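Participant:
Protein chains: 2
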Amino acid sequence: MSVNERIILAKRPQGMPDESDFAFEEQPLPVPQAGEVLVRTVYLSVDPYMRGRMSDAKSYAKPYEVGQVIAGGAVGQVMESTDPTYREGDFVTGSWGWQRFAAVSTGTLRKVNPDLAPVSTALGVLGMTGLTAYFGLLDIGQPQAGETVVVSGGAGAVGMIVGQIAKIKGARVVGIAGSDEKTTYLTEELGFDAAINYRTDDLKAALVEACPEGVDVYFDNVGGDVSDQVLRLINKNARIPICGQIALYNLEKPDTGPRIQSLLLTNTALMKGFLVGDYASRYNEGLHELAEWLRDGKIKHAENVIDGFDKTLEAFLGLFTGENLGKQLVKVSEEQK
Amino acid sequence: MSVNERIILAKRPQGMPDESDFAFEEQPLPVPQAGEVLVRTVYLSVDPYMRGRMSDAKSYAKPYEVGQVIAGGAVGQVMESTDPTYREGDFVTGSWGWQRFAAVSTGTLRKVNPDLAPVSTALGVLGMTGLTAYFGLLDIGQPQAGETVVVSGGAGAVGMIVGQIAKIKGARVVGIAGSDEKTTYLTEELGFDAAINYRTDDLKAALVEACPEGVDVYFDNVGGDVSDQVLRLINKNARIPICGQIALYNLEKPDTGPRIQSLLLTNTALMKGFLVGDYASRYNEGLHELAEWLRDGKIKHAENVIDGFDKTLEAFLGLFTGENLGKQLVKVSEEQK
Numbered sequence: 001m002s003v004n005e006r007i008i009l010a011k012r013p014q015g016m017p018d019e020s021d022f023a024f025e026e027q028p029l030p031v032p033q034a035g036e037v038l039v040r041t042v043y044l045s046v047d048p049y050m051r052g053r054m055s056d057a058k059s060y061a062k063p064y065e066v067g068q069v070i071a072g073g074a075v076g077q078v079m080e081s082t083d084p085t086y087r088e089g090d091f092v093t094g095s096w097g098w099q100r101f102a103a104v105s106t107g108t109l110r111k112v113n114p115d116l117a118p119v120s121t122a123l124g125v126l127g128m129t130g131l132t133a134y135f136g137l138l139d140i141g142q143p144q145a146g147e148t149v150v151v152s153g154g155a156g157a158v159g160m161i162v163g164q165i166a167k168i169k170g171a172r173v174v175g176i177a178g179s180d181e182k183t184t185y186l187t188e189e190l191g192f193d194a195a196i197n198y199r200t201d202d203l204k205a206a207l208v209e210a211c212p213e214g215v216d217v218y219f220d221n222v223g224g225d226v227s228d229q230v231l232r233l234i235n236k237n238a239r240i241p242i243c244g245q246i247a248l249y250n251l252e253k254p255d256t257g258p259r260i261q262s263l264l265l266t267n268t269a270l271m272k273g274f275l276v277g278d279y280a281s282r283y284n285e286g287l288h289e290l291a292e293w294l295r296d297g298k299i300k301h302a303e304n305v306i307d308g309f310d311k312t313l314e315a316f317l318g319l320f321t322g323e324n325l326g327k328q329l330v331k332v333s334e335e336q337k
Numbered sequence: 001m002s003v004n005e006r007i008i009l010a011k012r013p014q015g016m017p018d019e020s021d022f023a024f025e026e027q028p029l030p031v032p033q034a035g036e037v038l039v040r041t042v043y044l045s046v047d048p049y050m051r052g053r054m055s056d057a058k059s060y061a062k063p064y065e066v067g068q069v070i071a072g073g074a075v076g077q078v079m080e081s082t083d084p085t086y087r088e089g090d091f092v093t094g095s096w097g098w099q100r101f102a103a104v105s106t107g108t109l110r111k112v113n114p115d116l117a118p119v120s121t122a123l124g125v126l127g128m129t130g131l132t133a134y135f136g137l138l139d140i141g142q143p144q145a146g147e148t149v150v151v152s153g154g155a156g157a158v159g160m161i162v163g164q165i166a167k168i169k170g171a172r173v174v175g176i177a178g179s180d181e182k183t184t185y186l187t188e189e190l191g192f193d194a195a196i197n198y199r200t201d202d203l204k205a206a207l208v209e210a211c212p213e214g215v216d217v218y219f220d221n222v223g224g225d226v227s228d229q230v231l232r233l234i235n236k237n238a239r240i241p242i243c244g245q246i247a248l249y250n251l252e253k254p255d256t257g258p259r260i261q262s263l264l265l266t267n268t269a270l271m272k273g274f275l276v277g278d279y280a281s282r283y284n285e286g287l288h289e290l291a292e293w294l295r296d297g298k299i300k301h302a303e304n305v306i307d308g309f310d311k312t313l314e315a316f317l318g319l320f321t322g323e324n325l326g327k328q329l330v331k332v333s334e335e336q337k
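Protein chains in written order, with UniProt numbering: chain E, 1 to 337; chain S, 1 to 337.
(1) Please name the residues in the stretch 267 to 287 of chain S whose beta-carbon is closer than 7 Å to at least one beta-carbon of chain E, in chain order.
(2) Considering only residues of the same chain and omitting the five flanking positions on each side of valine 217 of chain S, which have a CB-CB separation below 8 Å?
(3) If the cut is a Cβ gap below 8 Å, which residues of chain E does isoleucine 242 of chain S touch?
(4) Assuming serine 45 of chain S is part of the beta strand (DSSP E), what are its boundary residues?
(5) The alpha helix (DSSP H) that contains glutamate 335 of chain S, what's its start and end?
(6) Looking at the structure shown, is methionine 54 of chain S part of a helix, part of a strand, or coil, going by DSSP?
(7) Would you identify the three-state DSSP class for valine 276 of chain E, choosing helix, strand or coil?
(8) By the three-class DSSP mapping on this structure, what secondary structure does aspartate 220 of chain S have?
(9) Thinking C-beta only, is leucine 325 of chain E closer than 8 Å to tyrosine 198 of chain E?
(10) Are glycine 107 of chain S and alanine 157 of chain S touching if we call contact CB-CB under 8 Å?
(11) When you compare only the Cα positions, how much space is there between alanine 194 of chain E and methionine 271 of chain S?
(12) So, does the CB of proline 254 of chain S fall closer than 8 Å to a CB anywhere in chain E?
(13) Where do the N-terminal and C-terminal ends of the beta strand (DSSP E) with aspartate 307 of chain E fall, by residue?
(14) Kindly examine the ligand MN and report whether one of its heavy atoms sits closer than 7 Å to the Cβ of serine 333 of chain E.
(15) Give me the subset of the stretch 204 to 222 of chain S whose CB atoms are less than 9 Å from a CB atom of chain E, sorted by chain position.
(16) Based on Cα-Cα distance, which residue from S:Lys337, S:Ser2, S:Ile299 lies nearest to glycine 163 of chain S?
(17) With DSSP as the reference, identify every bridge partner of threonine 266 of chain S, one or two as the case may be.
(18) Return the CA-CA distance between threonine 93 of chain E and arginine 40 of chain E, expressed in angstroms with no decimal places.
(19) Which residues mark the beginning and the end of the alpha helix (DSSP H) in which glutamate 292 of chain S is found?
(20) In chain order, what residues of the same chain lie with their CB nearer than 6 Å to the CB of glycine 159 of chain S, ignoring the 5 residues before and after it?
(21) Is any beta-carbon of chain E found at less than 8 Å from that of glutamine 144 of chain S?
(22) Against serine 227 of chain S, what residues of chain E qualify as contacts under a CB-to-CB distance less than 7 Å, listed in chain order?
(23) By the DSSP assignment, the alpha helix (DSSP H) with threonine 183 of chain E in it spans what residues?
(24) Taking only the alpha-carbon atoms, compute the straight-line gap between glutamate 188 of chain S and alanine 206 of chain S and give it to the nearest angstrom.
(25) Exposed or buried, what is lysine 11 of chain E when buried is set at 16 or more other beta-carbons lying within 10 Å of its beta-carbon?
(26) Of all the options S:Ala155, S:Ile246, S:Arg295, S:Ile168, which has the alpha carbon lying nearest to the alpha carbon of isoleucine 196 of chain S?
(27) Can the beta-carbon of valine 66 of chain E be found less than 8 Å from the beta-carbon of leucine 319 of chain E?
(28) Using a beta-carbon distance below 8 Å, is glutamine 245 of chain E in contact with chain S?
(29) Name the DSSP beta bridge partners of arginine 6 of chain S, please?
(30) Just the C-alpha distance for glutamine 99 of chain S and aspartate 307 of chain S, rounded to the nearest angstrom, thanks.
(31) Give the DSSP bridge partners of lysine 11 of chain S, in chain order.
(32) Please report the residue range of the beta strand (DSSP E) in which methionine 79 of chain S lies.
(33) So for isoleucine 161 of chain S, helix, strand or coil by DSSP?
(34) At 8 Å on the CB atoms, spell out the chain E contacts of proline 258 of chain S, in chain order.
(35) Spatial neighbours of alanine 61 of chain S within its chain, please: CB distance less than 6 Å, with the 5 preceding and 5 following residues excluded, ordered by chain position.
(36) My understanding is that valine 42 of chain E touches valine 119 of chain E, with C-beta atoms under 8 Å, so please give their C-beta distance in whole angstroms.
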């Protein structure tokens with residue numbers, strides 16, 4: 001317990017990342033300074049957006065530095081505290097990233113109540129993932145009862161929550177995902193009205209069939225050809241929150257396709273890129289409502305937990321091969337009562 | 001004076017329209033029915049959006065029917081009235097289109113005050129053109145003082161007004177147009193901060209030079225390659241009203257280019273297609289403010305008037321070869337005092 005282990009960016013990936021882009025390194029256990037706590041990581045999060053931060057291209061988040069630890073969402077327990085408002089054993093969430101231990105300023109932490117829901121939900125439905133779905137769908141997408149909402153990456157962490165919130169709002173919900181296991185999960189377990197496997201179905205025909213009244217909201221997590229097909233079906237005054245473009249993150253060539261401006265014009269449609277951080281002042285509102293829905297069973301949270309810090313890269317790389325169903329987490333240590 | 005002359009759609013154009021797509025036809029002078037007035041056309045408007053209505057593809061406006069008169073904005077004088085609120089000699093504007101005379105329901109007309117401004121402005125800055133610029137820029141674009149606004153089709157009817165309103169709001173304004181005559185007009189006469197001739201300038205380099213702090217609002221009238229270049233320079237939280245896509249209206253092949261969703265995402269930018277009709281409930285607000293700006297000399301109205309109903313097709317087709325500077329009108333008859 002006197003050694004920390006962490007994963008750093010060894011070099012910037014070209015195209016699809018692989019394990020050689022990262023390095024595990026050992027360091028002495030950090031010592032918390034004034035205003036900091038020492039945390040032991042219980043769960044860490046791997047997310048598609050992290051791929052963007054591994055490049056140095058202009059993007060919405062600051063690029064990771066080569067040689068530095070990969071920052072990202074994590075849940076842990078306080079081991080030592082210099083701040084009287086945090087006690088040993090408290091569960092906290094923050095963005096200290098891919099390391100077993102960290103000394104973290106308490107100003108960047110939020111406490112997690114283990115009696116309310118499993119602490120891992122702080123990285124999922126009751127964390128950035130849930131808030132991303134909540135604000136993107138409700139603030140930009142604004143689904144109305146009876147409208148049709150299509151969500152790409154429907155079986156991903158954000159997509160699953162988007163679809164469930166859209167159902168709560170009375171919309172017809174169509175998910176697009178990459179395997180029959182996923183599409184079955186969406187319709188059988190999460191109550192989506194239809195789900196389409198873009199890898200095997202004739203996407204165009206399947207979309208037309210699943211959306212007989214067109215598409216009012218398209219929550220886009222993936223981009224690329226899938227989006228081209230959905231956008232051809234948008235209705236007058238459609239809303240299109242752009243949450244992610246996972247199909248493109250590892251492209252090495254410029255991404256080209258049909259220009260979409262004419263579709264937006266003729267349908268007087270709105271498309272908006274967003275980041276959950278744009279809504280930081282409203283997080284409490286979102287978390288409150290998400291927690292109610294979770295408690296009332298209106299939202300199920302699906303997690304895919306890989307056990308062991310040494311499996312972190314495998315979990316991350318699996319995001320791009322479409323293996324995960326729901327939120328992908330790595331369990332790093334046991335919760336201590 | 002007992003014969004009307006009008007222009008009908010003879011067949012649907014393929015690609016760029018030509019004169020063979022239209023026909024002039026003579027008809028007896030129409031007789032106004034109850035609730036109608038007989039108007040004599042003084043000015044008629046030719047606009048790029050009309051090209052869209054000549055196709056039968058799904059679009060924002062109903063397609064013209066083959067064999068029917070081309071509908072569009074016009075200003076005229078009442079010759080005979082069955083409605084006591086309209087008197088002989090009154091100036092009116094409506095959308096009776098490309099014909100010398102029309103019997104028009106007064107419910108579709110708006111009176112024009114010839115003492116306020118030249119009556120032709122009812123088709124330009126004090127009509128749909130001005131309102132399109134006003135609502136697209138202010139409602140979607142929302143330019144703030146010190147921001148950079150780029151407008152494509154900058155020397156077109158809408159573009160000129162967009163740029164001038166953006167100047168009123170304190171923005172840096174960059175126009176893109178298709179000739180040196182036009183760019184000179186924009187900077188010398190209308191006070192644009194910079195103007196770029198996309199036909200001769202190195203567009204990318206010229207945009208970078210003209211927008212040293214990036215692009216906060218891109219008011220898009222043209223689409224295509226020009227837009228691709230502008231979008232590469234958008235700033236965080238950019239707003240992009242899509243007003244027209246004139247570069248595409250006559251394309252026969254699908255329009256392809258770089259996909260833009262990643263740019264919208266990484267800049268959390270908003271793109272929205274709009275139609276002036278979306279703002280019908282606010283026309284009075286817009287006309288009132290535009291009239292004040294016109295009266296105070298803050299907006300100049302530039303018209304390009306071709307004389308003679310028989311020149312209507314020439315005027316319309318010239319829109320697509322970039323010949324017009326400002327609003328393109330056809331003068332059909334003299335104003336009678």
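Even glycine gets a Cβ: it sits at the ideal position worked out from N, Cα and C.
Small disclaimer: the values here were computed from a predicted structure and weren't measured.
Facilitator: Let's see:
(1) Asn267, Thr268, Ala269, Leu270, Met271, Lys272, Gly273, Phe274, Leu275, Asp278
(2) Leu137, Gly141, Gln142, Pro143, Glu147, Thr148, Val149, Val150, Ala166, Ala171, Ala238, Arg239, Ile240, Pro241
(3) Gln261, Leu264, Leu265
(4) 36 to 45
(5) It is not in any alpha helix (DSSP H) - glutamate 335 of chain S carries neither H nor E in the DSSP assignment.
(6) coil
(7) helix
(8) strand
(9) no
(10) no
(11) 28 Å
(12) yes
(13) 303 to 307
(14) Among the components modelled here there is no ligand, and therefore nothing to report on the ligand MN.
(15) Asp220
(16) Answer by Cα proximity: S:Ile299.
(17) Answer by DSSP bridge pairing: none, since threonine 266 of chain S is not bridged.
(18) If you draw a straight line from the Cα of threonine 93 of chain E to the Cα of arginine 40 of chain E, it is about 11 Å long.
(19) 283 to 295
(20) Val151, Gly153, Asn221
(21) no
(22) Here the neighbours are Gln261.
(23) 180 to 188
(24) 18 Å
(25) It is exposed - the Cβ of lysine 11 of chain E has fewer than 16 other Cβ atoms within 10 Å.
(26) S:Ala155
(27) Leucine 319 of chain E sits away from valine 66 of chain E, with the two beta carbons spaced by 8 Å or more.
(28) Yes, glutamine 245 of chain E lies at the interface with chain S (some Cβ there is under 8 Å from its Cβ).
(29) S:Glu25, S:Gln99
(30) 14 Å
(31) Bridge partners of lysine 11 of chain S: none, in fact.
(32) 74 to 81
(33) It is helical.
(34) Pro254, Asp255, Thr256
(35) Arg53
(36) 7 Å
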